[in-house]
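In the order they appear, the protein sequences are chains Y and U.
In terms of the numbering used here, the first sequence is residues 1 to 71.
In terms of the numbering used here, the second sequence is residues 1 to 949.
Heads up, the beta-carbon is just placed ideally off N, CA and C, and yes, glycines get one too.
All values derive from a computational prediction rather than experimental measurement.
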Amino acid sequence: MAGSELDRLVDMANDIALNLEAYPDAPARVSDHLRRFWAPSMRELITAHVRAGGQGLSDTALAAVKALDER
Amino acid sequence: MSSVIKLRPYRPQRDLGTPAPAVDQGTVRLTVDGREVEAAGGSSVMRATALAGVDIPKLCATDSLDAFGSCRVCLVEIEGRKGTPASCTTPVEAGMVVRTRSDRLERLRRNVIELYLSDHPADCAGECELHDMAADMGVTQSRFAGGRDHQAAAVDDSNPYFRFDPAACIVCYRCVRACEETQGTFALTVDGRGFDSAIAASQLESFMDSECVSCGACVDACPTTALEEQSVLAQGMPDAYQVTTCAYCGVGCGFRAETRDGEVLRMMPWKDGQANEGHACVKGRFAWGYATHEDRITRPMIRESIDQPWKEVDWDEAIGYAARRLREIQAAHGPDSIGGITSSRCTNEETYLVQKLVRAGFGNNNVDTCARVCHSPTGYGLKTTLGESAGTQAFRSVASADVIMVIGANPTDAHPVFASRLKRRLREGAKLIVVDPRTIDLVSGPHVKADHHLQLKPGANVAFANAMAHVIATEGLADMAFIRERCETASFDDWLAFIGRDDNSPEATAAVTGIPAPQLRAAARLYAGAGNAAIYYGLGVSEHTQGSTMVMAIANLAMLTGNLGREGVGVNPLRGQNNVQGSCDMGSFPHELPGYRHVGDPAVRELFEAAWGVTLQSEPGLRIPNMFDAAVAGRFRALYCQGEDVAQSDPNTNHVDAALRALDLLIVQDLFLNETARYAHVFLPGSSFLEKNGTFTNAERRISPVRKVIEPLAGYEDWEVTQLLANAMGFPMNYGHPSEIMDEIARLTPTFEGVTYDKLDRLGSIQWPCNAAAPDGTPTMHAEAMVRGKGYFAITAFVPTDERSTRRYPLLLTTGRILTQYNVGAQTRRTRNSRWHAEDVLEIHPLDAEFRGITDGDWVGVESRAGDTVLHARVSERVQPGVVYTTFHFPLTGANVVTTENSDWATNCPEYKVTAVQVTRVTQPSEWQRRYRQFTDRQENLLEAARRE
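Below is the structure:
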C-alpha cells in the first residue's frame, strides 16, 4: 500500500509544480512549499523516490525535490 | 465539573416600534408629555418616545419593519397640528411638542381596541399585544362583538414548527411585511378585501406547500398568537432565557435560548445580535431539537475492535483506556504515529485545547480540521495576497455595495440570514453578478434578478477570473492609484504581463468557461465600474484543484479595482460551519500555531513553549488526507476525532473506510454514533452548543459568546473532556472555565490580544483583530494598509483539472447544500426539517435525462472512477446540460463514494465540485449501499448490546 501513498505524493508534487510553473523561480517555490506544508514523513518518501530515479515527477517537481534533498 | 448555568428571568425583547434612522441626521430636541427629550434626527415620534421611556400603544408597528401606519392605535397629539397623527409614521422635529396621553387619545384607542377584540379569541395561548394592551387600558369587553367574525376559520398547522390561526389574526400586515422586508421571500400576502381580508401563503396554499422558507420572521413579527410556535402552544411561555450563538452556518446568528422549567422552549433571534440583527433561518430558529434527541449517547464506551460490542464505562475508565492506548501506540510506532482532528462545530476554546493537546501532549503537529475540506484554500489564498486568512468585511457592509458578485455560493440555502441582507440591498438597486454552473435562487426570484448569470462550466473558475481581470486590465478600468499606493509594484508588473496575454481573454477562454465573451466583458465592466463592488464566494470557489489559485484570483480582482479597505467592498468567503473560521484561527492546521503563525518560526514556537512548558516540533504535521494515506500505509495508527464526521464528509469514501479500519485506535467525541464513530474504539460523549460556555467566530471574524443553557447531558463540556484526556496522558491542564482558556489565547495570539469574556459581555461580540490599536475590534480589514504591508498579485495560471468528461463518464457531478439540511445532516436529520428534505436527489437536465430514458423520480446510478451510488433523479433545468448536482446530507446517499481523491494543489482541499460520472437508470441500490447497510446494521446491533447491558 506504500506504493499508492507515494503515487499520491508524486501527483501532489506535480500539481504544485504545475501551478507554480508560471514563475521563473518555480523549482525554488515548489521546494519552499514542500518545506512549509508537507510533513517530514511525506518529504522523506518523495526524496527517497527521487534518489531512486523520481519516476513520474515533472521536471520542475524533480528539481524542487532534489533541492529539498540537498538542503 | 461543568460550570454553573446563569439564566436571566424572561422578558420579551424590547420593541421601539420603528427602526433606527438609516443615516445619521444628528439629534433634535422635542417635548414629550411635558418632558424635554433628545432624539436621533429621522426617528419616528414612536421610537423617540420609547427611548425616552414612554411606550405608546401600537399594533401594526414593530422596530424590525418600516412604519406602516394602519392600526390607528399609536395616535398622538402634536401642538400646532390638526388631528391625531400616527406616531409611527411621524418623524421627530426640533421643538415638537408631543402628548401621548389625553382623554381624546384614550377614547380613540379604546374604540380601535374594541373593534379588534370583537373578532379575536377571548384568550390567547401566548404573547398577545392586543390582549396586553386591552388589559393596560382596562378594556374587558367589546361593544362591537356579536357580528360576523373569523373565529371558526380553519387553523393551518401544516408547518411542523408553528401554526397560523386566522381567528387570532388582526390583519396588521406585520407578517407580510416581515416576509418581504426582513426575509425577502414575499411568500405571504393579504388576500381579499374588507371583511374577507385574510393572510395567505403563496397562491392560497398551506404554509408548508407555499414558498415559505420557515425562517420564523412572520412568527416573530406577529403581535398576537395568530402565528405561534408549536412549542409555546404545547408548553406555555418561557420563564427564563440566555443569549447565545447559533451552531449552524458561518453567519453565527445571535439567539436568545428561551427556557421553561429549565428546558429549551424556543430559540428567538436576538435583536442585538450584530451578525443577524434579529433575523434567523429555519435551522437556527427551529431545528435545535437534535440536542436532546434520543439518539444522543451520554455514556462513554470502549471496545478493542470494531467487530466487538460496545461496552459502556464510566468517564475514568474511558479516558484511562484512551490515554493508555495512545501512549502504547506512540511507544510502539513513534511519537508521530498519532494525531487529532479539531471540530469546527465546537468552540474556539475547545478547538484550541485539542490542538494544544496534539502539539504539546502528543508531541507532534498532526492536527487538522474540517476546513481542510472546505475553506483551507481561503486561508492560503488570502494570506498570500492580502496577509490575513479571513474575509475583509462585516456582513452589514453589503448594505453599501453597488455591485455584488456571488461566485460559487448559494447564500439563500447555505447562509440564509446573510442572503436576506443581500436581497434587501438588491431591492434597493444594487447590481448582481452570479457566477455559478447552476441556476441558484438568486439568479431570479421575487424582486431579485441577476444582471448577469455567468453559467460557467465546473472546473473553469480560474479561467473565468483571469478573463475578468484581463478585461479590466486591458480596457483601462484598473484603479491604478490604489495599486500604486497599496500593492507591490514588482508583483503587479509581473502579473500585468501575464494577465494581458491573449490566452486570458474572454474570447480565448470562452470554450473552457462556457461563458460568451460579450457577457463576460459586460460583467467585468460592471464590476470594475461600480463605486463599491463586493465579492462573496463559497465552496464553489475553494473545492477545486485550483481552489487556492481562484481565491488569489479573486483577491487580484479586488486589488485591481481598488475594492478593499472600506465599507461595501471586499473579498468575503461565506464559511460553512459555525466555527470554521475560529477553528482555523485557533491553530488547527498542522503547519500553523494559533493566529496563523508557522510552526517553523522559532520566535513563535518559543512563545508557546514557554507558556506550555514543552518543546514543540518545528515541522508541519499531517493533513487529514495525508493521515488517511499514512494510515493505509501503516505509519499512522491512532486518531482523536472531536466533532467531525470524516467517514461521511470526506471524499472517496472507500479510501476513508480503509484508513479508518486500519487504525489501531480511533477515539470519537461526538453527540451521536456518527458514521465515523462506527469505526471507533473509544466513544466520548460530546456536548451540544446549548450545554457549554465558550465562543464561536463567524465568517466576518466576529467572536460571539456561547453560553450554557442546560447541563451537559453526559456531565462534561467538550473542553473538559479534552482536559481529562490531556491530564490522563501526563500533560497537565487545569482550566476552571473557558474564560481562562480565552485569556491564554489572548496572551499568545496578537489578533486576539484584547479579547476577554468581560469585553464580550459588554460589546456583545468582537471582530478580530482586537488589540491595542483596535480595542473594540476591526469590522473592515486592510483599511489603511494590507495586513502584509503591500498587496501581492499572485500569478494565477489556469491549470485544467484532470477530472474531465469522457466517453465513459460524460457528465460532471457537482455538489452543494440545501436550506433545511446542514452538512452531513447529523443535526438536521434529527429534527422535523426532514419534512422538507427527506433524501438527497440527483438533479439532471431534461436533455440528459431524456437521452438516458430517465424520468423524474426514477432511481439512477451515479458512477465515477472512485465508486458508484444510487439515488432518485430530479429532472431540472437548474443544472445545465452535461452537469448533474446533488447534496450530501444523508449518509446512504453516498455522494462521497463517487467523489475522487483529487484536491487543491496548495492545501489538499478536495475537488468536490467536479467529478466525471455516468448516470443510468437502475432498479436497485448500489453494491456500496448494500455493504453500507450491512455495516451500519451491525454497528447498531453492537451499540444495542452495550445499551442492553
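Chain B partners of residue i, CB-CB under 7 Å?
i, result
"L622 (chain U)", "Absent from the structure is chain B; the protein chains it does hold are Y and U."
Buried or exposed, going by whether 16 or more other CB atoms sit within 10 Å of the CB of residue i?
i, result
"N941 (chain U)", "exposed"
"S139 (chain Y)", "Residue 139 (chain Y) lies beyond the range of chain Y shown here (1 to 71); nothing can be said about it."
"M954 (chain U)", "Because chain U in this structure spans residues 1 to 949, residue 954 (chain U) falls outside the shown range and cannot be described."
"R966 (chain U)", "Here chain U has residues from 1 to 949 only, and residue 966 (chain U) is not among them."
"T950 (chain U)", "Nothing in the structure corresponds to residue 950 (chain U), since chain U is present only between 1 and 949."
"A2 (chain Y)", "Low confidence applies to A2 (chain Y): its pLDDT is 37, below 50, so where it sits in the model is not reliable enough to give any reading."
"Y885 (chain U)", "buried"
"E36 (chain U)", "exposed"
"L847 (chain U)", "exposed"
"K6 (chain U)", "exposed"
"G26 (chain U)", "exposed"
Where do the ends of the beta strand (DSSP E) carrying residue i lie?
i, result
"S142 (chain U)", "Careful: S142 (chain U) lies outside any beta strand (DSSP E) and carries neither H nor E."
"F162 (chain U)", "F162 to F164"
"E36 (chain U)", "R35 to A40"
"T245 (chain U)", "A240 to T245"
"H470 (chain U)", "Looking at the DSSP string, H470 (chain U) is not in any beta strand (DSSP E); the run it does join, the alpha helix (DSSP H), is N461 to T474."
"D191 (chain U)", "L188 to D191"
"A638 (chain U)", "A638 to Q642"
"V406 (chain U)", "V403 to I407"
In the DSSP assignment, find the unbroken alpha helix (DSSP H) run with residue i in it and report its ends.
i, result
"V65 (chain Y)", "D59 to E70"
"L432 (chain U)", "That residue, L432 (chain U), is in no alpha helix (DSSP H); its beta strand (DSSP E) goes K431 to V435."
"P506 (chain U)", "P506 to T513"
"I319 (chain U)", "W315 to H333"
"P738 (chain U)", "P738 to L748"
"L353 (chain U)", "N348 to K356"
"G529 (chain U)", "A517 to G529"
"V917 (chain U)", "Unbroken run through V917 (chain U) is the beta strand (DSSP E), T915 to R921; no alpha helix (DSSP H)."
"C175 (chain U)", "R174 to R177"
"H131 (chain U)", "E129 to D136"
"I338 (chain U)", "Segment I338 to T342 is the beta strand (DSSP E) holding I338 (chain U); no alpha helix (DSSP H) there."
"G381 (chain U)", "S376 to T385"
"A803 (chain U)", "The question names Ala, yet the displayed sequence has Glu at residue 803 (chain U). Segment: none, E803 (chain U) is in no alpha helix (DSSP H) and carries neither H nor E."
"R930 (chain U)", "E927 to R948"
Looking at the strands, I want to know which residues DSSP matches up with residue i.
i, result
"R874 (chain U)", "U:E843"
"I703 (chain U)", "U:T697 and U:I766"
"N572 (chain U)", "U:Y536"
"F683 (chain U)", "U:M301 and U:V668"
"S903 (chain U)", "U:P910"
"F255 (chain U)", "U:T244 and U:P269"
"G789 (chain U)", "U:M786"
"W859 (chain U)", "U:H872"
"H452 (chain U)", "U:I433"
"E592 (chain U)", "U:H598"
"Q812 (chain U)", "It should be noted that the sequence gives Leu, not Gln, for residue 812 (chain U). U:V883 and U:A916, per the DSSP bridge assignment."
Whole-angstrom Cβ separation of residue i and residue j, contact assumed at under 8 Å?
i, j, result
"P238 (chain U)", "T225 (chain U)", "Not really, about 14 Å apart at Cβ, beyond 8 Å."
"A318 (chain U)", "V682 (chain U)", "6 Å"
"N365 (chain U)", "Q617 (chain U)", "5 Å"
"R830 (chain U)", "H293 (chain U)", "4 Å"
"T653 (chain U)", "N823 (chain U)", "15 Å between Cβ atoms; not a contact."
"L456 (chain U)", "F464 (chain U)", "5 Å"
"L57 (chain Y)", "A26 (chain Y)", "Contact flag wrong, Cβ pair sits at about 13 Å."
- Report the residues of the stretch 522-549 of chain U with a CB closer than 9 Å to any CB of chain Y, ordered along the chain. Result list: T545, Q546, S548 and T549.
- Task: Scan the stretch 632-649 of chain U for residues whose Cβ lies nearer than 8 Å to a Cβ of chain Y and list them as they occur along the chain.
- Result: Those residues of the stretch 632-649 of chain U that come within reach of chain Y (Cβ to Cβ, closer than 8 Å) are V632, A633, G634 and R635.
- Using a beta-carbon distance cut-off of less than 8 Å, what residues from the stretch 605-616 of chain U approach chain Y? If the cut-off is 8 Å between Cβ atoms, the stretch 605-616 of chain U has nothing near chain Y.
- Query: When Cβ atoms are compared, which residues of the stretch 589-606 of chain U fall closer than 8 Å to chain Y?
  - Reply: Answer set for the stretch 589-606 of chain U: P590, H591, H598 and G600.
- Query: Of all the residues that make up the stretch 192-203 of chain U, which are near chain Y by a beta-carbon distance shorter than 9 Å?
  - Reply: Per Cβ criterion, the list is empty.
- Item | Members of the stretch 11-23 of chain Y near chain U, C-beta cut-off 8 Å | Of all residues in the stretch 11-23 of chain Y, the ones placed with a Cβ closer than 8 Å to any Cβ belonging to chain U are M12, D15, I16, L18, N19, E21, A22 and Y23, in chain order.
- May I ask you to list, following chain order, the residues of the stretch 491-505 of chain U that have a beta carbon less than 7 Å from some beta carbon of chain Y? Hits within the stretch, in order: F498.
- Query: Between the stretch 787-807 of chain U and chain Y, which residues of the former have a C-beta closer than 7 Å to a C-beta of the latter?
  - Reply: From the stretch 787-807 of chain U, only I795, A797 and V799 have a Cβ closer than 7 Å to chain Y.
- In chain order, what residues of the stretch 42-71 of chain Y put their CB closer than 7 Å to some CB of chain U? The stretch 42-71 of chain Y vs chain U, Cβ under 7 Å: M42.
- Task: Name, going along the chain, the residues of the stretch 330-341 of chain U whose beta-carbon falls closer than 7 Å to a beta-carbon of chain Y.
- Result: Cβ contacts with chain Y: D336.
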